[in-house]
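Numbering (the numbering used here), first residue to last: 1 to 468. The structure appears right after this line, and notes come after that.
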């Protein structure tokens with residue numbers, strides 16, 4: 001398999017550290033709100049990478065963290081008058097619900113930053129001992145210039161960065177030895193969560209968290225480190241510096257970064273009114289359609305989200321599901337006996353499509369080409385399946401279509417929908433739960449209805465619903 005490695009800026013042949021095994025670390029969300037549609041892209045892309053490795057027989061250790069201590073979490077907690085853990089735990093659960101709706105598999109491990117503080121303090125102590133870090137008034141900084149390879153991922157020059165960097169002022173004085181030094185540990189402020197450390201009560205810097213969690217759950221060296229391209233600098237660059245300085249080992253062999261997501265050709269922004277959560281999108285579209293849409297473009301390409309493009313993806317996914325549904329019918333009612341010569345020939349053609357599909361996926365996870373090959377398979381199915389088709393052929397075709405779709409996390413088997421009466425009963429139960437202030441149950445019912453393709457609209461006249 002070839003992977004475009006951000007570190008080398010070219011497609012490199014993938015060779016695992018340990019044969020038959022692959023360790024993948026993907027930077028997860030900061031849990032202060034519902035995840036937005038931009039968060040969904042790396043989740044879907046790298047879940048698909050994991051699925052392909054598993055299809056090829058690899059044992060995959062897939063680690064994706066939750067950043068559960070952060071300024072935004074603290075701000076929301078203070079606004080609600082609750083502990084920051086209440087906010088982070090709430091939105092970790094909501095994130096998991098959205099990931100499940102997107103058919104993103106649970107990570108092997110979902111570490112939380114707040115549960116790994118002791119190891120973070122230990123890494124900072126190592127860096128201080130090696131003189132890669134220093135403490136000033138309870139803040140510990142990393143000596144960026146001491147790490148000679150700084151900038152190797154982002155290809156940024158330290159002197160250029162220095163020239164464009166405004167020096168940090170703390171109480172009117174510059175505490176840093178150099179403006180480019182970054183924080184490993186920050187002292188406690190009033191109203192913030194903190195942990196005891198040799199430098200006083202405080203909390204870790206964001207960059208430090210991923211270095212420590214990846215080391216604990218994968219090892220000093222990661223096969224693949226992945227995330228959105230917005231993380232290349234400074235987050236991933238700083239991870240490399242502190243990890244390699246502390247561990248005396250290469251941090252990650254391959255770096256993969258997905259491109260940005262735009263909304264109607266505009267950068268997603270709350271100020272522009274084009275900021276959408278996955279939960280909001282799920283009220284308009286089946287999230288399987290969103291997953292299919294995300295994979296219809298190459299992961300490194302910028303992706304434009306628009307109603308027209310999503311509708312096109314919906315139509316494409318419907319074509320695949322229709323072909324699967326037709327095959328299911330024939331599997332139950334088709335002709336008994338061995339396949340005909342024509343069917344045997346078509347099965348051989350399917351096997352060739354599978355090989356081309358694999359070639360696309362092994363060319364830097366080219367899901368766009370892989371989907372086009374699935375459409376070729378659908379065309380072959382549609383032109384070769386009729387009333388006289390054998391059950392054996394229909395079964396082979398269905399299993400092939402299901403296999404290629406499953407690698408992409410696309411579910412082709414249609415679930416039976418809810419009856420109108422069942423929907424009305426669930427809506428009434430939701431209303432009763434809301435009156436009883438059992439908001440967790442009310443949200444659970446809404447999520448269930450959303451997953452079943454039922455869109456709710458709360459109006460003054462009551463709750464209206466429609467099928468997506």
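Beta carbons: idealized from backbone N, C-alpha and C, even for Gly.
Nearest C-alpha to residue 420 among 317, 381, 453 and 399: 453. Between the alpha carbons of residue 183 and residue 247 lies a gap of roughly 18 angstroms. Residue 78 carries a helical assignment under DSSP once its states are collapsed to helix, strand and coil. Residues 61, 218, 222 and 223 of the same chain have their beta carbon placed closer than 6 angstroms to that of residue 23, with the five preceding and five following residues left out of the count. Residue 347 is positioned such that its CB atom lies closer than 9 angstroms to that of residue 339. With fewer than 16 other Cβ atoms from the protein chains shown falling within 10 Å of its own Cβ, residue 337 counts as exposed. The segment 269-286 and the segment 352-370 do not touch, with fewer than 3 CB-CB distances between them shorter than 8 angstroms. Residue 358 and residue 186 have their C-alpha atoms spaced approximately 47 angstroms apart. The continuous alpha helix (DSSP H) containing residue 216 extends over residues 206-217. By the C-beta criterion, the segment 103-111 is judged not to be in contact with the segment 224-234, since fewer than 3 inter-stretch pairs fall below 8 angstroms.
In the displayed model, residue 243 falls within a helix according to three-state DSSP. One Cα belongs to residue 87, the other to residue 432, and the distance between them is close to 25 angstroms.
Your pair residue 249 and residue 144 does not check out as a contact, with CB atoms roughly 19 angstroms apart and the cut at 8 angstroms. Within the same chain, and ignoring the five residues on either side of residue 74 in sequence, the residues whose Cβ sits closer than 6 angstroms to its Cβ are 84 and 192. 103 is the residue among 103, 79 and 154 whose C-alpha sits nearest the C-alpha of residue 411. Of all alpha-carbon atoms in 159, 152, 147 and 135, the one lying nearest the alpha-carbon of residue 176 is that of 135.
Residue 363 sits in a strand when the DSSP states are folded into three classes.
Inter-residue distance for residue 208 and residue 267 is about 28 angstroms (C-alpha atoms, whole angstroms).
Taking a cut-off of 8 angstroms for Cβ pairs, the segment 195-205 and the segment 122-140 touch, as three or more such pairs fall below it.
Secondary structure of residue 335 (DSSP, three-state): strand. With contacts defined as CB atoms closer than 9 angstroms, residue 389 and residue 334 qualify as a contacting pair. The alpha-carbon separation between residue 179 and residue 264 amounts to approximately 38 angstroms. When beta bridges are read from the DSSP output, residue 199 appears opposite no residue. Counting of Cβ neighbours within 10 angstroms places residue 288 among the buried residues, the total reaching 16 or more. Of the candidates 424, 354 and 326, 326 places its Cα closest to the Cα of residue 387.
Across the structure, residue 154 and residue 117 are spaced so that their CA atoms are roughly 28 angstroms apart. DSSP, reduced to helix, strand and coil, places residue 462 within a strand of the structure shown. Among the bridge pairs identified by DSSP, residue 23 is matched with 61.
For residue 256, no alpha helix (DSSP H) run applies; the uninterrupted beta strand (DSSP E) run containing it begins and ends at 252-258, by DSSP.
Taking C-beta atoms under 8 angstroms as the contact rule, residue 257 and residue 6 qualify, at a distance of about 5 angstroms.
A straight-line Cα-Cα distance of about 10 angstroms links residue 12 and residue 255.
A direct Cα-to-Cα measurement between residue 206 and residue 455 gives close to 38 angstroms. Residue environment analysis places residue 131 among the exposed positions, since fewer than 16 neighbouring C-beta atoms fall within 10 angstroms of its C-beta.
Of all alpha-carbon atoms in 147, 295 and 306, the one lying nearest the alpha-carbon of residue 275 is that of 306.
The beta carbon of residue 151 is closer than 7 angstroms to those of 157, 158 and 237 in its chain, skipping five residues each way along the sequence.
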